[in-house]
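J.: In full-length UniProt numbering, the protein residues as written are 1 to 330.
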Ligand code: PEP
Ligand code: MN
């Protein structure tokens, strides 16, 4: 696989590539004009004045890799920048249950220092008999409370057929959940949609597979991607999933994309969430996404792992102190 970084869009280059037997894809990414050309033997034969640089890689995730883009990518969700010195915290309930619930929690997490509001309207539940989320009604609540409180929204999209609703409610950041991390049709459509994406790691995906999922989004021209480590399946049962801190650190060294950690889903129990969140910050996470519910015991999903607003405030103060010690802010 070769990546050509172009000085300009050139019709002569396009002709040369078309005439060769190479496969190719032209795209605009991070303000640069690019051409992906493969296999290498064919790509090597192509030369044109418009080519500024050719990058050859054996990696299957060239656009997501930092081999061609050395500077870290910053992703903006409205006025919130992810990937800079400030550690961005998204907080809110696992699932949107009512307007009152979202309003209470949004105000509390904003007061404590969160910059984004999370909450699922479309919930990927293991059992079809569990609460599936409020669907469109949930997006409507999120939009209303987001505008009222002033926190941009991050919420999960499960099905590309719902994209018109995400457009209608002007959802600020789309989450691809762990269970859809390799739903390639969804990835392509969300890539084309263009809004910032929070891409969870599939619970049985290697770091390399996760980066290839990101590649699906990037190769549609959407570079506003934040990766999110949310725990993988291992033999361990003391936690719900194994938060792969090592995998997260390794991934950060392989990509220019910012990194988020979700301490709630691997914890499975609220008692573990503070430590996993702090460990993630210590390991270099640029963002955290944390479940907070006004009354966790009564939550319709993930009730055991959601923090109370009071506990979240304590955690935010600990995150801020740790961030300061690391020369960052939160
Ligand atoms: C969630 O964030 O509510 C969620 C379902 O996460 P995951 O896809 O990581 O399980
Ligand atoms: Mn959840």
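Built from N, CA and C at the ideal position, the CB exists for glycine as well.
Please read all numbers here as calculations on a predicted model, not as lab measurements.
Looking only at its own chain, which residues have a Cβ that is under 8 Å from the Cβ of residue 150, when we skip the five neighbours before and after it?
T.: Here residue 150 refers to the residue found at position 150 when the chain shown is read from its first residue. Cβ within range, chain order: 110.
J.: Can you tell me whether residue 106 is buried or exposed? The criterion is at least 16 other CB atoms within 10 Å of its CB, across all chains shown.
T.: Your numbering for residue 106 matches position 106 in the chain shown. Burial call: buried.
J.: Quick check: is any heavy atom of the ligand PEP less than 8 Å from the C-beta of residue 265?
T.: On the chain shown, position 265 is the one that residue 265 refers to. Checking every heavy atom of the ligand PEP against the Cβ of residue 265, one is found closer than 8 Å.
J.: Should residue 167 be listed as close to the ligand PEP, given that the test is whether its C-beta is under 8 Å from any heavy atom?
T.: Here residue 167 corresponds to residue number 167 of the chain shown, with the count starting at 1. No; taking the cut-off as 8 Å, the Cβ of residue 167 has no heavy atom of the ligand PEP nearer than that.
J.: On the CB-based measure, 16 or more other CB atoms within 10 Å of its CB, does residue 129 come out buried or exposed?
T.: As a first step, residue 129 must be located in the chain shown, where it is residue number 129. Flag for residue 129 reads exposed.
J.: Looking at C-alpha atoms only, which residue of 255, 280, 1 and 167 is the closest neighbour of residue 210?
T.: Counting from one through the chain shown, the residue named residue 210 turns up at place 210. Per the Cα distances, 255.
J.: For residue 314, is the classification buried or exposed, using 16 other Cβ atoms within 10 angstroms of its Cβ as the cut-off for buried?
T.: Position 314 of the chain shown, counted from the start, is the residue given in the question as residue 314. When all chains shown are included, residue 314 counts as exposed.
J.: Taking the CB atoms as reference points, tell me whether residue 117 and residue 145 lie closer together than 9 Å.
T.: By 1-based counting over the chain shown, the position of residue 117 is 117. By 1-based counting over the chain shown, the position of residue 145 is 145. Yes.
J.: Give a yes or no on contact between the region 45 to 65 and the region 2 to 15, applying the rule of three or more CB pairs nearer than 8 Å.
T.: With a cut-off of 8 Å, the region 2 to 15 and the region 45 to 65 count as touching, because enough Cβ pairs lie within range.
J.: Could you say which of 216, 273, 137 and 221 lies nearest to residue 231 if we only look at CA atoms?
T.: Translated into the one-based positions of the chain shown, residue 231 becomes position 231. Checking every option, the nearest Cα to that of residue 231 belongs to 273.
J.: Could you give the DSSP three-state label for residue 122: helix, strand or coil?
T.: Here residue 122 corresponds to residue number 122 of the chain shown, with the count starting at 1. Reduced to three states, the DSSP call for residue 122 is coil.
J.: Can you tell me whether residue 168 is buried or exposed? The criterion is at least 16 other CB atoms within 10 Å of its CB, across all chains shown.
T.: On the chain shown, residue 168 is found 168 positions in, with the first residue counted as 1. Classification for residue 168: exposed.
J.: Is the region 214 to 226 close to the region 180 to 199, with three or more CB pairs under 8 Å?
T.: Output reads yes: the region 180 to 199 touches the region 214 to 226.
J.: Pull every residue with its beta-carbon under 5 Å away from any heavy atom of the ligand MN, and keep them in chain order.
T.: Qualifying residues come out as 94 and 302.
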